[in-house]
Amino acid sequence: FYGLGWSKGSCGITIDTIKPSHDGPFECTVSVKGQTYKGQIDIAVSAVAPEPPKIELASNVDSRNGEFEFGKKVTMKCVSRNGWPGAKLSWYLDGVKLTEDVGAEYSETANRRTNVEQIYRRAIAVEDNKKQVTCRAEHPAYPGGFMETSLPIKLKKVYTNDKQEVKKEELTELIKPKAPKLTVSSEVAQRNGAFKAGSNLVVQCISKDGNPAAGFLWFLNDQLIYEGLSAPFISKNFRGNTVQQTLTYRLKPADDGKVLICKARHPEGSEETRLKISTYN
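Sequential numbering of the sequence shown, starting at 1, is according to full-length UniProt numbering.
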């Protein structure tokens, strides 16, 4: 408390240490002889540390018992949740920074909290055995400026006389996924919603909670797009399958006014989402 007291017309309360939980409107109420007085301020915490980063493997990656098969492509995703501002992600293999096969960053902000994710793909080599893939999330509110999470790589032993295990697929009901959503990478520069001609447009299409997972078709106006597409990243939970795919497309001045379409195909029906493209020189 501070001030000279209510009888002298001065009293109040102070917050010694601002915490992330104080972010938002802060209201003070004083009652004197049945009369209530209120005051309110908005507290904006400049930096809120995200949750520790996590590495997720695509559900279509065979890594039973934590072992990976030599030569197979592994798709993994690093996720940083609920930070303000969003964290900056980077990948390392035994301390060496990775630059190839690293996807673009995608961020989503709601209520002054940002989730950031990035995909990394790697064909497992013999020399990768016993190494660690690390995702680092850098943020000013972290002690030391960053936090890391690591995934150990252990090669699966293969014997020629082993019988291949036959996986049985469970029969489950068909569930139509939610309508697909297009998100432009946070790394893509924009000017009032327009993109620079000659630059790469990097955009992700995501379809959630379907069984089986939806498949995507991409169009620019009526022209089907074949190139610049990443392998789909599929994850699964009790609600169904979430699938996401990234398109990297070099914009041309002639693309101004065209419409990019992502169509999610599913046995229960197809839905599409659209992005109108505006360009500047």
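Where is the CB? At the ideal position from N, CA and C, for every residue including glycine.
Inter-residue spacing [alpha-carbon to alpha-carbon] between residue i and residue j
i	j	result
threonine 29	isoleucine 18	19 Å
aspartate 256	threonine 279	5 Å
glutamate 169	aspartate 209	Confidence at glutamate 169 is low in this model, with a pLDDT of 49, below 50, so its placement is unreliable and the value that follows should be read with caution. The alpha-carbon atoms of glutamate 169 and aspartate 209 are separated by roughly 18 Å.
leucine 98	tyrosine 249	23 Å
isoleucine 13	valine 48	24 Å
leucine 247	cysteine 205	8 Å
valine 166	glutamine 245	Residue confidence for valine 166 is low, a pLDDT of 49 falling below 50, so the modelled location carries little weight and cannot support an answer.
leucine 171	glycine 145	Low local confidence applies: a pLDDT of 39 at leucine 171 is under 50, so the model's placement there is unreliable, with the coordinate-based value given in what follows. The straight-line gap from Cα to Cα measures roughly 47 Å.
alanine 44	valine 79	24 Å
proline 85	valine 116	10 Å
threonine 160	alanine 141	For threonine 160, the predicted structure reports a pLDDT of 45, less than 50, and the residue's modelled location is therefore unreliable. A value from the coordinates is still provided. Threonine 160 and alanine 141: Cα-Cα distance of roughly 52 Å.
isoleucine 41	proline 25	6 Å
leucine 229	aspartate 128	26 Å
aspartate 162	leucine 155	In this predicted model, aspartate 162 has a pLDDT of only 48, less than 50, meaning its place in the structure is not dependable enough to derive any value.
arginine 112	histidine 22	13 Å
isoleucine 124	leucine 151	13 Å
serine 90	lysine 33	59 Å
serine 185	glutamine 118	10 Å
threonine 114	histidine 139	12 Å
tyrosine 120	arginine 274	26 Å
isoleucine 261	asparagine 221	7 Å
methionine 147	alanine 189	27 Å
phenylalanine 70	lysine 157	9 Å
Expected contact under 8 Å - CB spacing of residue i and residue j to nearest Å
i	j	result
glutamate 105	arginine 81	That pair is no contact at about 14 Å.
alanine 197	proline 253	4 Å
phenylalanine 216	alanine 264	6 Å
tyrosine 92	threonine 134	4 Å
Per-residue burial, residue i [other beta carbons within 10 Å of its own, 16 or more giving buried]
i	result
lysine 77	buried
threonine 36	exposed
tyrosine 107	This sequence places serine at residue 107; tyrosine is not what is there. So serine 107 ends up on the buried side.
leucine 201	buried
valine 259	exposed
valine 96	exposed
arginine 122	buried
alanine 179	exposed
glycine 193	exposed
valine 203	buried
isoleucine 15	exposed
arginine 136	buried
Three-pair Cβ contact test at 8 Å for the segment 224-239 versus the segment 266-273: no
Completely contained beta strand (DSSP E) runs for the segment 201-265, where each covers 3 or more residues: 215-220, 233-237, 240-250, 259-265
Length-filtered (3 minimum) beta strand (DSSP E) runs lying within the segment 58-134: Secondary structure remark: continuous beta strand (DSSP E) runs of at least 3 residues inside the segment 58-134, in chain order: 73-83, 88-93, 96-98, 106-110, 113-123.
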